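Q:
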Amino acid sequence: MSGSNLVIVESPAKAKTINKYLGPDFTVLASFGHIRDLPPKDGSVRPEEDFAMSWELGDRSKKHVDEISRAIRGVDHVFLATDPDREGEAIAWHVQEVLREAKLLDKVDVRRVTFNEITKGAVLEAMQRPRELNQELIEAYLARRALDYLVGFTLSPVLWRKLPGSRSAGRVQSVALRLICEREAEIEVFRPQEYWSIEIAFQTAEGAVVKARLTQLDGKRLDKFALGEAGAANAVVDRLKPLSYAVHSVEHKQVKRNPYPPFTTSTLQQEASRKLGMGATRTMRVAQKLYEGIDIGGETVGLITYMRTDGVQLSNDAIGQVRELIGSQYGAEYVPGAARIYKSTAKNAQEAHEAIRPTDLTRRPEQVAGTLDRDELRLYELIWKRTVASQMESAVLDQVAVDIASADGKAMLRATGSVVLFDGFLRVYQEERDDSVDEKAGAEDEADARLPPVKEGDGMKRGEVDAEQHFTQPPPRYTEASLVKKLEELGIGRPSTYASIMQVLQDREYVELDKRRFVPQDRGRLVTAFLSSFFERYVEYNFTADLEAKLDDVSGGLLDWKTVLRDFWKSFSAAIEGTKDLTITQVIDELDKDLGPHFFPNTTKDGPDPRVCPSCGAGRLGLKLSRNGAFIGCSNYPECRYTRSLAVATGGEEADALADGPRELGLDPETGLPVSVRRGPYGAYVQLGPKPEAAAPPVEVAAPAPEPEAEAGKGAKAKKPKAKAKPKAEVEKPKRVSLPKGMGPTEIDLETALKLLALPRDVGPHPETKDMITAGIGRFGPYLKLGPTYKSLAPDDDVLSIGLNRAVVLLAEAKKGPAQVPGRAMGDHPRDGKPVSLNNGRFGPYVKHGKVMASLPKAMVEHADTLTMQQAVELLDAKIAKDGGKVPAAKAPKAKAAKATAADGKAEVAEEAAAKKPTAAKAAPKKAPGKKPAAASKTAAPKTAASKPKARAVASGD
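Once you know that position 776 of the sequence shown is 776 in full-length UniProt numbering, the rest is easy, because the numbers rise by one and skip nothing.
1. Please state if the CB of Leu673 and the CB of Leu688 are separated by a distance shorter than 8 Å.
2. Can you check whether the CB of Ile383 is closer than 8 Å to the CB of residue 1036?
3. Please classify Ile35 as buried or exposed, where buried requires at least 16 other C-beta atoms within 10 Å of its C-beta.
4. From which residue to which residue does the beta strand (DSSP E) around Val484 run?
5. Pull the bridge partners of residue 968 from the DSSP assignment, please.
6. So, with DSSP's three-state summary, where would you put His849?
7. What separation, rounded to the nearest whole angstrom, lies between the Cα atoms of Gln521 and Ser738?
8. The alpha helix (DSSP H) with Asp877 in it runs from where to where?
9. Is Ile584 buried or exposed, if buried means 16 or more other CB atoms sit within 10 Å of its CB?
10. How would you write the range of the alpha helix (DSSP H) that Met127 sits in, first residue to last?
11. Please confirm whether Arg239 and Tyr330 have their CB atoms less than 8 Å apart.
12. Taking 6 Å as the limit between beta carbons, can you name the residues of its chain near Asp656, skipping five residues before and five after?
13. Go through the stretch 111 to 178 residue by residue and report every complete run of the alpha helix (DSSP H) that reaches 4 residues or more, in order.
14. Sorry if obvious, but does the Cβ on Glu670 come closer than 7 Å to a heavy atom of the ligand ADP?
15. Determine the direct distance from the alpha carbon of Asp373 to that of Val873, and round the result to whole angstroms.
16. Per DSSP, what kind of secondary structure is Ser792 in: helix, strand or coil?
17. What three-state label does DSSP hand Lys20 in the structure shown?
18. Taking 7 Å as the limit between beta carbons, can you name the residues of its chain near Gly764, skipping five residues before and five after?
19. Would you call the stretch 527 to 535 and the stretch 583 to 597 touching, i.e. three or more CB-CB distances under 8 Å?
20. Who pairs with Gly207 in a beta bridge, going by DSSP?
21. With distances taken Cα to Cα, identify the nearest neighbour of Asp507 among Arg73, Glu199, Gly88, Lys882.
22. Less than 8 Å separating the beta-carbons of Ala411 and Asn234?
23. Report buried or exposed for Pro453, applying the criterion of at least 16 other Cβ atoms within 10 angstroms of its Cβ.
24. Classify Pro12 as helix, strand or coil using the three-state DSSP reduction.
25. Grab the span of the beta strand (DSSP E) containing Ser626 for me, first residue to last.
26. Out of Thr479, Gly556, Leu558, state which residue places its alpha-carbon closest to the alpha-carbon of Val519.
27. If you reduce the DSSP assignment to three classes, tell me which class Ala729 lands in.
28. Would you kindly check if the distance between the Cβ of Leu397 and the Cβ of Pro795 is under 8 Å?
29. Quick one: which unbroken alpha helix (DSSP H) runs of 4-plus residues sit fully inside the stretch 502 to 545? Chain order, please.
30. Check whether the stretch 179 to 189 and the stretch 201 to 218 are in contact - that is, three or more C-beta pairs closer than 8 Å.
31. Enumerate in chain order the residues of its own chain whose CB-to-CB distance from Val587 is below 6 Å, with the five nearest sequence positions on each side excluded.
32. Please report the distance separating the alpha-carbon of Glu10 from that of Pro164.
33. If you follow the alpha helix (DSSP H) that Arg323 is in, where does it begin and where does it stop?
34. Out of Gln871, Thr866, Ser315, Val852, state which residue places its alpha-carbon closest to the alpha-carbon of Gly884.
35. Taking Cβ to Cβ, would you say Arg663 is nearer than 8 Å to Pro745?
36. Tell me where the beta strand (DSSP E) around Glu468 begins and ends.
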């Protein structure tokens, strides 16, 4: 490649890494992601013009495009080296189109290069194999972008008009929301079923203990619900106690456990969530840094391959390197006879790329620990171990089942366990089980138990016979890991978009992440109910999955992208048209029918009707809609004006659960004082005491304050002596603790209340300082404390159960504190001439202009000393827009401004002009004696033209 060359990538970190691999003939610049997008307004996609699309250069992209445009003059070759997926192909296409429209590519050779890992060898090899842009991938991107826009900008206005208070809808986002809401509905209608199990602790002749569970009685196998209540279970216990027992049979079975395939995007998100407690967004952000490059010993190198992939295969070179490492590190017995070849089982998988793996397997986690932060190291170690384990030999286990029978043969009990004969891949890696509450996991735990050696005929000494009560459990709420898994199983969306989908659902307050589980909010349930009632087809799982399959066919060159759009738009626009005549009454009726059981459940068979209005006693409670959103109101309006915010009612109303007074939970076993839940001005709390029989002592009231002295010259009154206040009786205040967020007053029990009242609690001594770490609840919520250091707990951390390791990590983050930069005055704002300054705050550096303060992004902090006024203005404008304000335009000269605004009838300038004019009304004459005062003339304030509200823009996308 002779001549000068320009390489364009999407991120500055990637540019920095690649720049070190290429020679002096190459200039590497970053586009900083997408440079263009569809403007957030109507008409950006025009179905009537065969889906013509208008693109707009981003505000922050102009300077990057200008830099690229300047660099391109005089070069011979341009290489578009963005990421090797559809999104990367789209970024490259946008860059090429912008440069072509500017007529900068007439004499320049433009080629596309891709590499799956950012290493010197991979980059140099890719530069030798350039290609043209892939038109099929570009068309798949265009189709997906158009679909997301059409759904967002067509369906969202319907939501705003027919369902006030809702935010917006998205093509894949709405389906993910439906999954979460349907799971919650399953939990609400679930009724636990009681069942009992019988377990006996036997002792062998050598004194070893074997716990076995009753499986047969009187020759019949017991199913799960055979013993459905305590009486039946206790009767069986009485039968088993007098019997003698011996080993009836011992069964051995060898089983193999095969390793898991290397990570894909979705499996990495799932395992990072389960094993590391990292959310999908955080996982992808850290993985991006590992992919783009880390400085190791003065050399910047990418540590992992591209992290957006659904392929599970490894390259031949990688397999060879892994097998060699396994043999040298763990021994030849851990290397299988043949390399393991994996194939994806996910729907619509496109195995265009390798699985996620380290770029160099010999770079062990402990060798790079000093150059990575905590999250980077943990994620790199997870990827390294999973990759190595995927090519190791299977684990071999000896599973044992011991049947123990009574002497009369009427009772049979079984104990199960296993012994690891060869650990295989388990020596390196064991996948974390899903933290969902399920019986299968419990059964696996039993199967993994170790059993002492016994043989048929051995006598067993009976120990305790225990009857244990159980209740069936509802299906668990979705975690980030289980939701990603479900979406992938259904073939909905792409793994690379899952993180942003889950973030959007939280940002729009449709769901809340509570202890790492998604809880739908009432706003989200209303949106789901509305869409399911009036746009059912478009939130169906099969429909969304089929549409994803069509988009994959477009990327494979099997289907025309505009055909997909035409087919979709024909039916979707008809569905939108069908809602024009939809009345609010119809919407309310459908929502009430769907969500009535949620908001007004009958918790008791013969209990009061939860629909009866508590105010008038005659009206029926139901859903109502107002300009500010949905609420619950009485049908007797306007005679009865009872309303309350949306909240689940349980045997009355959850919102008014404590309206009739405290809810007694029981007595504290240590003090004997009553424990209750109460409601205060700042929410619900638990209280210990006072003693039930203790009446509140009378409170002495102080004498009233003396009257103020009269003004001088008006006959001052004699000053009354102050009455001496009697001392107030000492009343010991009962202990109170606020309920943590997510814990309702109706669900708390005595055990949990006592734990809250025992706060603050000792978590454990810090491993370095040996000082005690405590956890408690304060004015700003749950916290950790170590000496003078405080750290607020994250929403998914439980103050009652947080462990020492997690506490140490959080406190370490608190000690680091935000980055500090030299504060300075930056100059005057170009629009209004007011000063702009760079400052340090509690949460890090920020720029300030008047009352507007905008934090610096992490990428800017280290270069804060070179922060320009233009960058500061961009940050301030972005903050104004984020807060819902309008970025002011540049200020025009005063004379012209006054003239223009007067012509336009703008309120502010009209008021300013009015203030400068002499007052029209003359001063009122003094009142003549004996005459009535003249009526004051009312001067009407000038009316200003009301500005029409602008249509809200919808951030389209999945």
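Idealized CB from N, CA, C, for every residue including glycine. Bear in mind that the values here come from a model prediction, so they are computed numbers and not experimental data.
A: Working from what's here:
1. Here residue 688 is taken as the residue at index 688 of the sequence shown, counted from 1. Here residue 673 is taken as the residue at index 673 of the sequence shown, counted from 1. Cβ distance < 8 Å, so Leu688 and Leu673 count as in contact.
2. With the chain running from 1 to 958 in the structure shown, residue 1036 is simply not present.
3. As a working note, residue 35 is residue 35 in the sequence shown. Answer is buried; the Cβ neighbour count reaches 16.
4. The sequence position of residue 484 within the sequence shown is 484, counting from 1. No beta strand (DSSP E) holds Val484; the alpha helix (DSSP H) holding it covers 480 to 490.
5. Nothing can be reported for residue 968, as the shown portion of the chain is limited to 1 through 958.
6. The residue labelled residue 849 in the question sits at position 849 within the sequence shown. It is a strand residue.
7. Taking the first residue of the sequence shown as position 1, residue 521 is located at position 521. Taking the first residue of the sequence shown as position 1, residue 738 is located at position 738. Approximately 22 Å between the Cα atoms of the pair.
8. Reading the sequence shown from its first residue, position 877 is the one you call residue 877. Taken as a continuous stretch (DSSP letters only), the alpha helix (DSSP H) holding Asp877 covers 869 to 882.
9. Counted from its first residue, the sequence shown places residue 584 at position 584. Looking at its Cβ environment, which holds fewer than 16 other Cβ atoms inside 10 Å, Ile584 is exposed.
10. Numbered from its first residue, the sequence shown carries residue 127 at position 127. It spans 120 to 127 - the alpha helix (DSSP H) in which Met127 sits, taken as one unbroken run.
11. Within the sequence shown, numbered from 1, the residue matching residue 239 stands at position 239. Within the sequence shown, numbered from 1, the residue matching residue 330 stands at position 330. No, they are not a contact pair.
12. Taking the sequence shown and counting its residues from 1, the one referred to as residue 656 is at position 656. Bear in mind that the predicted position of Asp656 carries a pLDDT of just 48, short of 50, making it unreliable; the figure below should be weighed with that in mind. For Asp656, same chain residues with a beta-carbon under 6 Å away, outside a window of 5 residues either side, do not exist.
13. Qualifying alpha helix (DSSP H) stretches, in chain order: 120 to 127, 135 to 162.
14. The ligand ADP is absent from the structure shown, which contains no ligand whatsoever.
15. Indexing the sequence shown from 1 puts residue 873 at position 873. Indexing the sequence shown from 1 puts residue 373 at position 373. Distance between the alpha carbons of Val873 and Asp373 is about 32 Å.
16. Counting from 1 along the sequence shown, the entry for residue 792 is found at position 792. Shown here, Ser792 sits in a strand according to DSSP, grouped into three states.
17. As a first step, residue 20 must be located in the sequence shown, where it is residue number 20. Per DSSP, reduced to three states, the secondary structure at Lys20 is helical.
18. Locating residue 764 in the sequence shown gives position 764, where the first residue counts as 1. The answer, listed in chain order, is Ile773, Leu804.
19. With a cut-off of 8 Å, the stretch 583 to 597 and the stretch 527 to 535 count as touching, because enough Cβ pairs lie within range.
20. Counting from one through the sequence shown, the residue named residue 207 turns up at place 207. Answer is none; Gly207 lacks a bridge partner.
21. Position 507 of the sequence shown, counted from the start, is the residue given in the question as residue 507. Considering only alpha carbons, the answer is Lys882.
22. Locating residue 411 in the sequence shown gives position 411, where the first residue counts as 1. Locating residue 234 in the sequence shown gives position 234, where the first residue counts as 1. The answer is no: Cβ separation not under 8 Å.
23. Residue 453 sits at position 453 when you count from the first residue of the sequence shown. With fewer than 16 other Cβ atoms inside 10 Å of its own Cβ, Pro453 counts as exposed.
24. Looking up residue 12 in the sequence shown gives position 12. Residue state, collapsed to three classes: helix.
25. As a first step, residue 626 is located in the sequence shown; it is residue number 626 there, counting from the start. From DSSP, the beta strand (DSSP E) with Ser626 extends over 621 to 626.
26. Taking the first residue of the sequence shown as 1, we reach residue 519 at position 519. Per the Cα distances, Thr479.
27. For the purposes of this step, residue 729 is taken as the residue at position 729 of the sequence shown. At Ala729 the pLDDT is 48, less than 50, meaning the model places this residue with poor confidence and gives no usable figure here.
28. To locate residue 795, count along the sequence shown from 1; it is residue 795. To locate residue 397, count along the sequence shown from 1; it is residue 397. No, Cβ-Cβ distance for Pro795 and Leu397 is not below 8 Å.
29. For the stretch 502 to 545, the continuous alpha helix (DSSP H) assignments of 4+ residues that do not extend past its boundaries occur at 522 to 534, in sequence order.
30. With a cut-off of 8 Å, the stretch 201 to 218 and the stretch 179 to 189 do not count as touching, because too few Cβ pairs lie within range.
31. For this step, residue 587 is matched to residue 587 along the sequence shown. Beyond the five residues adjoining it in sequence on each side, Val587 comes within less than 6 Å, by CB distance, of Lys162 in the same chain, given in chain order.
32. Residue mapping note: residue 10 aligns to position 10 of the sequence shown, counting from 1. Residue mapping note: residue 164 aligns to position 164 of the sequence shown, counting from 1. Those two C-alpha atoms are separated by around 39 Å.
33. Taking the sequence shown and counting its residues from 1, the one referred to as residue 323 is at position 323. Taken as a continuous stretch (DSSP letters only), the alpha helix (DSSP H) holding Arg323 covers 316 to 330.
34. As a first step, residue 884 is located in the sequence shown; it is residue number 884 there, counting from the start. The closest CA to that of Gly884, considering only Gln871, Thr866, Ser315, Val852, is found on Val852.
35. For the purposes of this step, residue 663 is identified with residue 663 of the sequence shown, where counting begins at 1. For the purposes of this step, residue 745 is identified with residue 745 of the sequence shown, where counting begins at 1. Cβ distance < 8 Å, so Arg663 and Pro745 count as in contact.
36. Position 468 of the sequence shown, counted from the first residue, corresponds to residue 468. Start and end: 459 to 471.
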